[in-house]
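Given below as structure tokens:
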């Protein structure tokens, strides 16, 4: 008889008519054993783990037979059945062949944690089948040539399976091109109930991530859950949160998330802009889009930090609480990492006058500034004038890199304030520092800016004043 690696007796012998001891298993050629093993694997894909423990010979035979490792069974009923070490075992032993993933998932929440260890070798996926809940779907169209490099986008949609309508014919995970014309970048789209904990995920290589919350009756994410998930995406280059303006208690112990490659950040319809901006470390952020952040109710979170005092300007606002949250979040972001922001768009998003001043004093690389539906007063537009700091003997410009300015539907601005501030800026910059002058100005939908004001400003800006 033979002993296995654990000294368990596993191979039995019998005596032939001649009296010689013959080991049954050793008389089988390896080719036949592999065929038997393949049949076992077909019935039970986890069989390689058991077969390789029988004896040293089987261990070597199984580990050198790639075809036995070509089906990777994932099942959320097994819990943490495929940690990263086992994923490496399966993907390594199946080389050089492709492998097939069979995912049995009753809970859509388990899909990303189960498949994420295999995303780094997705170009070797032969097929991807999703089973469970009376489904059996092939989810990897043959036309897709997915690789780790071209699977760039991850779209997560928070979906309440019990409250929201869902077509049973639709899968909880899909792969798709970024656009019909773009077959060089692909997205993985997931409908989930809650953001997965980073403890269940390996390092994700996605460079673009979108998180979309449900509607008024749908599911929402807490800022701590969002931030913790982002820690699993250290290579992120753009992040888009499309939320729904819901408020709630805040855990003050939020993680600081460093995203050294983040270039674009887009926050839309969230009451947690302060918490998110205050918790990000993005030293290379260039494009910041803030949209639909204004709310007319008092936010629950109360802070007593430097800058939270009353705004001395005492300017009117329809959204004072969210204005303060946005301004204080931007202050914290700038103070932490001084990002070289080139583009700042604020659409139905506002700040206090003192926050505008603070931010404008600290964004020397801002190239494009577009603000929509702001309650900003004439005191804010006056900040565009050249001024003389107490420590200087000559005038300087706030936002010296500004080239494009768009003011849209800003109803608190007067036409005379716009004309005077921008005329003074352009006249001074054209003469004193032409490299820092404005290239393009657009003023639309601002009721205080009348046709005569446009005419006066056009005499200074010329073709730089756009329709």
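Numbering (the UniProt record's numbering), first residue to last: 1 to 467.
Every residue gets a Cβ at the ideal spot worked out from N, C-alpha and C, and that includes glycine.
Helix, strand or coil for residue i, going by three-state DSSP, please let me know.
| i | result |
| --- | --- |
| residue 460 | helix |
| residue 237 | coil |
| residue 414 | coil |
| residue 66 | helix |
| residue 2 | Any reading at residue 2 needs caution, since the residue's pLDDT is 43, under 50, leaving its predicted position unreliable; the model's value is listed next. Residue 2 falls in the strand class under three-state DSSP. |
| residue 38 | helix |
| residue 74 | strand |
| residue 229 | helix |
| residue 56 | helix |
| residue 33 | helix |
| residue 18 | Here the model assigns residue 18 a pLDDT of 48, short of 50, so the residue's position is not dependable and the matter cannot be decided. |
| residue 366 | coil |
| residue 93 | helix |
Out of the options, which has the shortest C-alpha to C-alpha gap to residue i?
| i | options | result |
| --- | --- | --- |
| residue 99 | 71, 108, 89 and 76 | 71 |
| residue 444 | 139, 239 and 373 | 373 |
| residue 206 | 176, 154, 47 and 404 | 154 |
| residue 356 | 384, 347 and 348 | 384 |
| residue 149 | 175, 119 and 448 | 119 |
| residue 191 | 181, 184, 210 and 183 | 210 |
| residue 282 | 235, 129 and 160 | 235 |
| residue 466 | 455, 448, 442 and 456 | 442 |
| residue 415 | 369, 322 and 450 | 450 |
| residue 334 | 392, 361, 208 and 424 | 361 |
| residue 371 | 272, 413 and 63 | 413 |
| residue 44 | 74, 27 and 64 | 74 |
| residue 456 | 440, 422 and 433 | 422 |
| residue 339 | 233, 328, 366 and 353 | 366 |
| residue 189 | 208, 201 and 351 | 208 |
| residue 278 | 263, 303 and 407 | 303 |
| residue 459 | 426, 432, 435 and 433 | 426 |
| residue 274 | 237, 263, 222 and 233 | 222 |
| residue 341 | 51, 308, 249 and 359 | 359 |
| residue 250 | 101, 276, 231 and 263 | 276 |
Determine whether the beta carbon atoms of residue i and residue j lie at a separation below 8 angstroms.
| i | j | result |
| --- | --- | --- |
| residue 241 | residue 267 | yes |
| residue 325 | residue 299 | yes |
| residue 269 | residue 296 | no |
| residue 68 | residue 87 | no |
| residue 147 | residue 123 | yes |
| residue 171 | residue 137 | yes |
| residue 437 | residue 447 | no |
| residue 224 | residue 109 | no |
| residue 386 | residue 420 | no |
| residue 126 | residue 105 | no |
| residue 204 | residue 175 | no |
| residue 471 | residue 129 | With the chain covering only 1 through 467, there is no way to say anything about residue 471. |
| residue 294 | residue 349 | yes |
| residue 243 | residue 160 | no |
| residue 41 | residue 48 | yes |
| residue 94 | residue 66 | yes |
| residue 536 | residue 91 | Within the shown structure, residues of the chain are numbered from 1 to 467, placing residue 536 beyond reach of any answer. |
| residue 253 | residue 158 | no |
| residue 239 | residue 265 | yes |
Following a CB-centred definition, is residue i positioned closer than 7 angstroms to any heavy atom of the ligand GTP?
| i | result |
| --- | --- |
| residue 220 | Only the bare structure without any ligand can be found here, which leaves the ligand GTP out of the picture. |
Contact criterion: CB-CB distance below 8 angstroms. Does residue i meet it with respect to chain C?
| i | result |
| --- | --- |
| residue 98 | This model lacks chain C altogether; it includes just one protein chain. |
For the region 245-299, which segments carrying the alpha helix (DSSP H) assignment without a break, of at least 4 residues, lie completely within its bounds, in sequence order?
DSSP runs (the alpha helix (DSSP H)) wholly in the region 245-299: 273-278.
I want to know whether the region 252-267 touches the region 304-317 - three or more CB-CB distances under 8 angstroms.
Contact between the region 252-267 and the region 304-317 is absent, because fewer than three Cβ pairs lie under 8 angstroms.
Sequence ranges, alpha helix (DSSP H) only - wholly within the region 103-134, length at least 4
If we require 4 residues or more, the alpha helix (DSSP H) runs fully inside the region 103-134 come out as 111-115.
Runs of 4 residues minimum, wholly inside the region 289-362: which ones carry the alpha helix (DSSP H) assignment?
Listed in chain order, they are 320-337 and 353-360.
If we count Cβ pairs, one from each stretch, closer than 8 angstroms, do we get three or more for the region 334-346 versus the region 382-396?
By the Cβ test, the region 334-346 is not in contact with the region 382-396, since fewer than three Cβ pairs between them sit closer than 8 angstroms.
For the region 144-201, list the beta strand (DSSP E) runs that are entirely contained and at least 3 residues long, ordered along the chain.
For the region 144-201, whole beta strand (DSSP E) runs of length 3 or above, ordered along the chain, are 151-158, 173-179 and 182-192.
What are the complete alpha helix (DSSP H) segments, minimum 4 residues, inside the region 379-459?
Here the runs fully enclosed are 415-432.
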